[in-house]
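Number 1047 in the numbering used here belongs to position 168 of the sequence shown; there are no gaps in the numbering. Quick reminder that beta carbons are idealized off the backbone N, C-alpha and C, glycines included.
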Amino acid sequence: MERVELAGALRQHKALQEQFEAASGVTLSDCYQCGKCSAGCPVAFAMDYTPRQVIRLLQLGLADEALQSRTPWLCASCQACYTRCPREVNLPRLMEAVRQEARRRGLINDKKVDIFDRAFLGTVERYGRAHEMGLMVQYNLQSGQPFKDALLAPPLLLKGKISPFPMKIKDLASVKQIFARARAQGGGQH
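Structure (structure tokens):
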């Protein structure tokens, strides 16, 4: 029978909880597992763990399971869970903290979601807003599907729905400062 060092395991569990709480601003013990977040989540049907279950995994010290889950990568950050939560647990921020830690540990479950996340944030940092055409091209090239949806581009261009040229916002320096602050706090590693 394997001997378990309980005190060490408890210290590691507490340290991981504190890490996720510090990164997200969420107190894990605030969640009492009512399930409203999962009931209101528009993408819960595609998740391997519901949002409520991800919090429970973290509460129980099962961070590896949460980090290897598809759920954080599928979270749309739509705020439906946060709006419905009677305890105001900011689950989208917690999911972002889980994604960042998974990325740090090399446990990216859905590579295409990660590619899109990085491409999207890159265009917002460069231009202050999303540049749809550049985002499509970058995503398609990095995900190994260079001609995906290529036939959609000409009609969108003709209708003025996308532009080959990015439009920058007036105060781009402020956006760059936001990204710099996020990096200084350990986030936004794209």
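In the DSSP assignment, find the unbroken alpha helix (DSSP H) run with residue i in it and report its ends.
i: D996; result: 990 to 1006
i: R978; result: 970 to 984
i: T962; result: 959 to 963
i: K1055; result: 1051 to 1063
Mark residue i as exposed unless 16 or more other C-beta atoms lie within 10 angstroms of its C-beta, in which case mark it buried.
i: P1034; result: exposed
i: G1013; result: buried
i: L1036; result: exposed
i: P1025; result: exposed
i: L1031; result: exposed
i: S948; result: buried
i: P965; result: exposed
Return the CA-CA distance between residue i and residue j, expressed in angstroms with no decimal places.
i: Y911; j: A886; result: 25 Å
i: N988; j: D909; result: 27 Å
i: L895; j: L986; result: 16 Å
i: P971; j: Q958; result: 7 Å
i: S917; j: W952; result: 15 Å
i: L936; j: K1047; result: 42 Å
i: E980; j: D943; result: 10 Å
i: R990; j: K1038; result: A small correction: the amino acid at residue 990 is Lys; Arg does not occupy that position in the sequence shown. Computed Cα separation, rounded: 32 Å.
i: V968; j: Q932; result: 14 Å
i: T1075; j: M1015; result: Given that the chain is displayed from residue 880 to residue 1069, the structure contains no residue 1075 and the question cannot be resolved.
Alpha carbons only, please: which of the options is nearest the one belonging to residue i?
i: K1040; options: R1062, A1009, A959, V922; result: A1009
i: L907; options: A1032, D1050, K893, V1016; result: K893
i: Y961; options: V992, Q932, I994, C920; result: C920
i: Q938; options: N1019, L1051, E897, A1059; result: E897
Query raised in the report: For the 8 Å Cβ check, are there 3 or more pairs between the segment 963 to 983 and the segment 889 to 908?
Result: Yes, they touch.
Query raised in the report: Taking one C-beta from the segment 922 to 937 and one from the segment 992 to 1004 each time, how about it: are there three or more such pairs within less than 8 Å?
Result: no
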